[in-house]
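Residue numbers (the numbering used here): 1 to 314. Ideal placement from N, C-alpha and C gives every residue a C-beta, glycine not left out. In this text, all values refer to a predicted model and were calculated from it rather than measured experimentally. Worksheet for the structure shown next.
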Amino acid sequence: MAIKHDQDSSSGQKLLRMYQILFSEDKCHYQSELSKLLNCSAQTIMRLANEIEQSSPSCFQTGLDRGRRWYRLQAKHHNMLGLDYQELHYLSLCQEISKGFIPEDISKRLDQTILKLSTLLLELDSEKLPYTNKPIAFFSKGKIDYSTHDSIVETLLTCINSQYFCHLHYLSDRNPNGKNHYFIPKKLIAMNNALYVYGASTNNVGKDIINTMCLAIHRIKKLDLIKQQICIAIPDPNPNTFGLPWHEPRTFTIQFRKDVSNYIKERVWAEQQKIEELDNGDIALTITTCSEPELMAWIRSFGEKASVSSLVNL
């Protein structure tokens, strides 16, 4: 039996060490050099190389260079991006969802970015590339063109991230000539193919909250950033309520006819809701909302098939 060069190193330790050497540098590693590094015989190196080849046949390479045996371990995918194709598919999906809210040139840049990420993942199977075959489409009603509002969106995001406030001119149905507000943005909200900004109106020094409010971004006609940090705590809007946050929570019970009951039962309308089946086949939906006008408009869309049966006092 041959004597081991390194009595204190097991076969498994040598195998691991050789794998680390081959994988750490993408180059040819000569058998004689490996023998010295691992303090073992050429026969041991050959045996270890055979084990590595059996475990990673697609990555393992070997050959002769002027009579000198060399080994190489070349990984097919050396992903330095920290993401995989499933994640890239979801990024592509998010990009599709956002197309209604961002300018066309930015959308095209996002397409190119996803293309570059796909290429960097070294996966050349076109069926797997999310930018060549998008199996989902989003349809909208009453799309708003935000291409002329991208600077306002960027300024609002700057306000939120830097805790600044701003001065803006806002048009509304009740005041078509517009009104000026000192405003502290808190969060952008997307709903029904439109973008809104939730925050609070304040005084000209940003010291006090007058009231919380939600503004449609496409109705902001002018916005000036005030680079002064504010330290006012504005409550976060709850995205699990019905509609936008316009007022304090209110709870209603709505009765729906049985021919639309399945449509109501199939969906979650708010975090605080209760559905009760009635004896005649109708259902009663009890729901909490911060947007009574939106709720009433939604109920009216059902015509005679829906009616408010009660307002529940909290």
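>> Which same chain residues end up closer than 8 Å to residue 140 when comparing Cβ atoms and leaving out the 5 residues on each side of it in sequence?
In response: 100, 193
> What distance in whole Å lies between the Cβ atoms of residue 198 and residue 245, which are believed to be in contact at a cut-off of 8 Å?
Replying inline: 6 Å
>> Count Cβ pairs between the region 204–222 and the region 255–272 that sit closer than 8 Å; are there 3 or more?
In response: no
> Buried or exposed: where does residue 291 fall if 16 or more other Cβ atoms within 10 Å of its Cβ makes it buried?
Replying inline: buried
> Hey, out of 91, 253, 237, 267, whose CA is closest to residue 276's CA?
Replying inline: 253
>> Could you tell me the alpha carbon to alpha carbon distance between residue 52 and residue 67, rounded to whole angstroms?
In response: 22 Å
>> Just to confirm my understanding: we take residue 143, look at its own chain, exclude 5 residues before and 5 after, and list those with CB closer than 8 Å. What are they?
In response: 100, 193
> Since residue 166 sits in a beta bridge, which residues does DSSP pair it with?
Replying inline: 183, 225
> Is the CB-CB distance between residue 179 and residue 160 below 8 Å?
Replying inline: no
> Leaving out the 5 sequence neighbours to the left and right, which residues in its chain are closer than 6 Å to residue 28 when beta-carbon positions are compared?
Replying inline: 70, 72
> Sorted by chain position, which residues of the same chain lie with C-beta nearer than 8 Å to residue 222's C-beta, five sequence neighbours on each side aside?
Replying inline: 168, 169
> Nearest-angstrom Cα distance between residue 308 and residue 285?
Replying inline: 9 Å
>> Can you tell me whether residue 155 is helix, strand or coil according to DSSP?
In response: helix
> Which whole-angstrom value is the C-beta distance of residue 289 and residue 256, which I expect to be below 8 Å?
Replying inline: Their Cβ separation, rounded to whole angstroms, is 16 Å, which puts residue 289 and residue 256 out of contact at 8 Å.
> Looking only at its own chain, which residues have a Cβ that is under 7 Å from the Cβ of residue 227, when we skip the five neighbours before and after it?
Replying inline: 164
>> Only counting the same chain, and skipping five residues up and downstream in sequence, which positions put a Cβ closer than 7 Å to that of residue 190?
In response: 101
> If we call anything under 8 Å between Cβ atoms a contact, is residue 273 one with residue 287?
Replying inline: yes
>> For a test of the three-state rule: what should DSSP assign to residue 23, helix, strand or coil?
In response: helix
> From which residue to which residue does the beta strand (DSSP E) around residue 273 run?
Replying inline: 273–277
>> Just to confirm my understanding: we take residue 220, look at its own chain, exclude 5 residues before and 5 after, and list those with CB closer than 6 Å. What are they?
In response: 152, 168, 170
>> Rounded to the nearest angstrom, what separates residue 303 and residue 157 at their Cα positions?
In response: 40 Å
>> Below 8 Å on the Cβ atoms is my contact criterion, and I expect residue 38 with residue 14 to pass it. Report the Cβ-Cβ distance as a whole number of Å.
In response: 5 Å
>> So, for residue 97: in the same chain, excluding its five sequence neighbours on each side, which residues have a beta-carbon less than 8 Å away from its beta-carbon?
In response: 138
> Are there 16 or more other CB atoms within 10 angstroms of the CB of residue 185, so buried, or fewer, so exposed?
Replying inline: buried
>> Given this structure, state the Cα-to-Cα distance separating residue 145 from residue 176, to the nearest angstrom.
In response: 20 Å
> Mind checking residue 270: buried by the 16 CB within 10 Å criterion, or exposed?
Replying inline: buried
>> Quick test of your reading: residue 45 and residue 31, contact by CB under 8 Å. State the CB separation rounded to the nearest angstrom.
In response: 5 Å
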